[in-house]
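S.K.: Same order as they appear, the protein sequences are chains A and B. Quick note on the numbering used here: the first sequence kicks off at 1 and runs consecutively. Quick note on the numbering used here: the second sequence kicks off at 324 and runs consecutively. Beta carbons: idealized from backbone N, C-alpha and C, even for Gly. The structure that follows is given in the form of structure tokens.
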Amino acid sequence: MPVIEAIELRRTYRTTTGVIRRRPLEVEAVRGISFAVEQGELFGLLGPNGAGKTTTIKMLITLLLPTGGEARVLGLDVVDRAREVRKRIGYVFGGDRGLYERLSARDNLRYFAELYGVSGKAQRTRIDEVLELVGLKGREQERVEGYSRGMRQRLHIARGILHDPEVVFLDEPTIGVDPVGARELRQTISDLIAAGKTVLLTTHYMFEADALCDRIAVIAKGQIVGEGTPAALKAGVAEGRVTEIEVFGVDEGTLSRLRVLDGVTAVTVEERDQKQLLVVQSDADREPTAVLLAQLDGFEVGRVSSREPTLEDAYVALVGAGE
Amino acid sequence: MRTLRLLAFSWLLHFKMLSQSAFDGFLAILWPLFFATVAFFMFRHGHRSGALGPVALGAAVMGVWTATSVSASSALQRERRMGTLELLVASPTNLAFVLLPVTLATSTIGLYCIVATLIWARVLFGIHVPVEHPLPFALGILGIVVTIGSLGFLMAVAFVRSRRAWAIGALTEYPIWLVCGFLVPISLLPGWVRPISWALGPTWGMRAIHAGAFGGPAWADAGVCFALALCYVAAGALLLGRMVDGARRAATLSLT
Chain A
1 MPVIEAIELR RTYRTTTGVI RRRPLEVEAV RGISFAVEQG ELFGLLGPNG
51 AGKTTTIKML ITLLLPTGGE ARVLGLDVVD RAREVRKRIG YVFGGDRGLY
101 ERLSARDNLR YFAELYGVSG KAQRTRIDEV LELVGLKGRE QERVEGYSRG
151 MRQRLHIARG ILHDPEVVFL DEPTIGVDPV GARELRQTIS DLIAAGKTVL
201 LTTHYMFEAD ALCDRIAVIA KGQIVGEGTP AALKAGVAEG RVTEIEVFGV
251 DEGTLSRLRV LDGVTAVTVE ERDQKQLLVV QSDADREPTA VLLAQLDGFE
301 VGRVSSREPT LEDAYVALVG AGE
Chain B
324 MRTLRLLAFS WLLHFKMLSQ SAFDGFLAIL WPLFFATVAF FMFRHGHRSG
374 ALGPVALGAA VMGVWTATSV SASSALQRER RMGTLELLVA SPTNLAFVLL
424 PVTLATSTIG LYCIVATLIW ARVLFGIHVP VEHPLPFALG ILGIVVTIGS
474 LGFLMAVAFV RSRRAWAIGA LTEYPIWLVC GFLVPISLLP GWVRPISWAL
524 GPTWGMRAIH AGAFGGPAWA DAGVCFALAL CYVAAGALLL GRMVDGARRA
574 ATLSLT
């Protein structure tokens with residue numbers, strides 16, 4: 001039996017638009033997604049902003065009611081048996097908020113230990129254990145307002161696993177954390193898997209998903225557009241070609257023309273100071289450089305190179321196809 | 324037992340947090356002293372010096388309501404702003420048991436205010452408040468703190484959908500002072516106001532405190548005060564359950 005199971009899960013938000021004449025508006029954030037996560041697996045949900053990752057997690061942790069489909073965690077329906085689900089899962093999100101700033105880390109943890117029914121006797125041992133695990137031992141008496149972003153994030157993880165949940169949901173846990181802090185957090189996440197937890201992780205960082213996840217589902221516009229191991233997803237674009245071109249001042253119209261060129265599957269732009277880096281994915285049997293440079297005639301062009309596809313390329317191709 | 328421990332520990336933590344806030348300290352101690360001073364001058368210059376004892380007590384309780392009305396009515400909004408509301412809802416504990424200690428902690432902060440106002444009255448205005456029956460007096464003070472904290476709980480739940488919950492709380496400040504008879508007896512108010520006064524726990528708490536200080540039967544008033552507090556908690560818990568279900572349906576838990 002899967003530990004986490006989503007079957008045709010849907011969520012529609014109802015809002016209004018207009019200032020004087022308000023009109024109802026329906027936004028489909030999640031459009032019938034299905035996936036299953038097995039015991040001890042680290043499953044990644046990848047997708048751009050607004051793809052539906054957080055909405056999916058919030059339905060699974062019982063904070064949002066689905067508008068369609070079903071979801072079960074540890075075999076328990078997230079709508080009908082919300083309280084039982086809550087007892088057995090942990091939830092961690094990224095960012096500065098979600099902690100009591102004027103309290104020490106230990107007081108924050110004691111409070112949540114009470115909320116999760118950790119007995120008084122077990123609290124001290126358990127709090128010491130999780131502080132040790134996330135590397136905050138020795139700093140637990142300090143007020144959280146003096147903590148760095150990385151320390152706060154580690155405290156979030158400590159809070160999320162305090163009651164020893166079987167399943168942990170991590171919603172962009174390394175967002176805004178410096179590289180060293182992020183590496184330490186990734187180690188902590190690996191330790192969770194080593195301790196036998198099942199983890200569902202959402203992230204924007206491809207290398208993070210590549211390094212950590214057993215399987216990944218790529219989500220775009222509320223739908224799963226690809227699913228598999230990182231290696232399998234990369235293999236999906238391995239037969240393609242990736243060309244990188246440094247340019248200056250390319251406009252949206254030109255990019256649109258590049259995107260519809262024969263054999264081109266995806267075009268993304270990375271802004272780098274004053275220049276732009278175009279990453280063009282194309283079919284393996286075409287050499288697109290000459291055609292691309294012809295389209296860029298009139299723009300200042302810098303270095304042009306080709307390289308092996310990465311997980312990020314697989315992600316871009318999948319998301320591009322989904323849109 | 325577990326629930327009692329949760330309530331006590333949670334109350335203690337929130338009391339600790341509020342005690343460390345300069346703004347809440349100002350709200351609890353300094354701000355009510357201005358009102359108390361105005362009341363003392365009014366009664367003294369109105370040649371009602373005999374009423375200064377009850378006025379000192381009334382001014383002290385006014386401060387408890389001042390400290391609670393703004394802070395408690397925006398308690399859920401504050402959790403939402405801090406990003407902790409979703410975590411509290413996602414925990415297996417009933418949200419009513421999470422919120423009640425928060426509003427009780429805000430009314431407990433009002434105890435500082437009672438002490439400060441009585442010292443202020445004694446030292447600057449020479450007003451002596453006798454305590455004829457210490458036990459009923461103490462019970463009256465406890466009743467006021469509990470009933471105001473419980474009323475704050477009901478307000479926190481009732482105003483949660485408003486982005487200006489704190490302002491609505493502030494709007495209730497003067498009406499409650501008047502209707503609950505903190506400064507003037509409710510017998511002086513129009514007849515139609517009295518049922519409102521009787522439905523408010525602070526009215527009965529104030530009566531119990533007066534009886535404890537100046538003599539008279541206090542137990543029944545204190546009993547009504549606690550009973551009304553229970554009613555507020557029951558109504559608030561019921562409303563809160565519906566509010567959380569509605570927020571899970573409408574996705575409004577994390578809105579700031």
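So which residues on chain A does R328(B) lean against when the C-beta distance must stay under 8 Å?
M.R.: To locate residue 328(B), count along the second sequence from 1; it is residue 5. Neighbours of R328(B) on chain A, chain order: E114 and G120.
S.K.: Count the other C-beta atoms from every protein chain shown that fall within 10 angstroms of the C-beta of Q153(A), then say buried if there are 16 or more, exposed otherwise.
M.R.: For the purposes of this step, residue 153(A) is identified with residue 153 of the first sequence, where counting begins at 1. Q153(A) comes out buried.
S.K.: DSSP on I57(A), reduced to helix/strand/coil?
M.R.: As a first step, residue 57(A) must be located in the first sequence, where it is residue number 57. If DSSP states are grouped into helix, strand and coil, I57(A) belongs with the helices.
S.K.: Under 8 Å, Cβ to Cβ, is there at least one residue of chain A near F332(B)?
M.R.: Counted from its first residue, the second sequence places residue 332(B) at position 9. Output row for F332(B): interface = yes.
S.K.: Bridge partners for G449(B) per DSSP, in chain order?
M.R.: Position 126 of the second sequence, counting from 1, holds the residue named residue 449(B). In the DSSP output, where bridge partners are listed per residue, G449(B) has none listed.
S.K.: For the alpha helix (DSSP H) that S414(B) lies in, which residues bound it at each end?
M.R.: Mapped onto the second sequence, residue 414(B) falls at position 91. Taken as a continuous stretch (DSSP letters only), S414(B) belongs to no alpha helix (DSSP H), as it is neither H nor E.
S.K.: Can T416(B) and L329(B) be called in contact, C-beta distance under 8 Å?
M.R.: Working through the second sequence from its first residue, we reach residue 416(B) at position 93. Working through the second sequence from its first residue, we reach residue 329(B) at position 6. A contact, by the Cβ cut-off of 8 Å.
S.K.: Mind pulling the alpha helix (DSSP H) runs of 4 or more residues that sit fully within the stretch 82 to 127 of chain A?
M.R.: Here the runs fully enclosed are 82 to 88 and 105 to 115.
S.K.: I think A71(A) touches A6(A), with their Cβ atoms under 8 Å apart; what is that distance to the nearest whole Å?
M.R.: Mapped onto the first sequence, residue 71(A) falls at position 71. Mapped onto the first sequence, residue 6(A) falls at position 6. Yes, they are in contact, since the Cβ atoms of A71(A) and A6(A) sit about 5 Å apart, within 8 Å.
S.K.: Quick check: is the beta carbon of I127(A) nearer than 8 Å to any beta carbon in chain B?
M.R.: Counted from its first residue, the first sequence places residue 127(A) at position 127. Not one chain B Cβ lies under 8 Å of I127(A).
S.K.: Excluding the five sequence neighbours on either side, which residues of its own chain have a C-beta within less than 6 Å of the C-beta of L523(B), listed in chain order?
M.R.: Translated into positions along the second sequence, residue 523(B) becomes position 200. Only C503 meet the Cβ criterion.
S.K.: Any beta carbon from chain A within less than 8 Å of S414(B)'s own beta carbon?
M.R.: Here residue 414(B) is taken as the residue at index 91 of the second sequence, counted from 1. Interface residue, yes.
S.K.: F363(B): buried (16+ other C-beta within 10 angstroms of its C-beta) or exposed?
M.R.: Counted from its first residue, the second sequence places residue 363(B) at position 40. Per the 10 Å Cβ criterion, buried.
S.K.: Mind reading off the beta-carbon distance from T470(B) to L551(B)? Whole number of angstroms is fine, and I expect it under 8 Å.
M.R.: Translated into the one-based positions of the second sequence, residue 470(B) becomes position 147. Translated into the one-based positions of the second sequence, residue 551(B) becomes position 228. Contact holds; Cβ gap of about 6 Å.
S.K.: Which residues share a DSSP beta bridge with I216(A)?
M.R.: Looking up residue 216(A) in the first sequence gives position 216. BP columns for I216(A) point to G44(A) and G228(A).
S.K.: How long is the line joining the alpha carbons of I41(A) and Q187(A), rounded to whole angstroms?
M.R.: Here the question's residue 41(A) lines up with position 41 in the first sequence. Here the question's residue 187(A) lines up with position 187 in the first sequence. Note that residue 41(A) is Glu in the sequence shown here, rather than Ile. If I take the Cα positions, the gap works out to 16 Å.
S.K.: Is S397(B) closer than 8 Å to A481(B) when the C-beta atoms are compared?
M.R.: Your numbering for residue 481(B) matches position 158 in the second sequence. Your numbering for residue 397(B) matches position 74 in the second sequence. Against a cut-off of 8 Å, the Cβ pair of S397(B) and A481(B) comes out as no contact.
S.K.: Take every Cβ of the stretch 519 to 539 of chain B, pair it with every Cβ of the stretch 461 to 469 of chain B, and state whether three or more of those distances are shorter than 8 Å.
M.R.: Yes: the two stretches touch, three or more of their Cβ pairs being nearer than 8 Å.
S.K.: Going along the chain, which residues of the stretch 516 to 539 of chain B sit with their C-beta nearer than 9 Å to a C-beta in chain A?
M.R.: Within the stretch 516 to 539 of chain B, no residue qualifies.
S.K.: Go ahead and pull the three-state DSSP assignment for D285(A).
M.R.: Taking the first residue of the first sequence as position 1, residue 285(A) is located at position 285. Coil.
S.K.: Name the DSSP bridge partner or partners of Q223(A)?
M.R.: Translated into positions along the first sequence, residue 223(A) becomes position 223. Answer is A220(A).
S.K.: So which of F35(A), P2(A) and L296(A) has the shortest CA-CA distance to S256(A)?
M.R.: Within the first sequence, the letter at position 256 stands for residue 256(A). Out of F35(A), P2(A) and L296(A), L296(A) has the C-alpha closest to the C-alpha of S256(A).
S.K.: Since T198(A) is in the beta strand (DSSP E), which residue starts that stretch and which ends it?
M.R.: By one-based count along the first sequence, residue 198(A) stands at place 198. First-last of the beta strand (DSSP E) with T198(A): T198 to T203.
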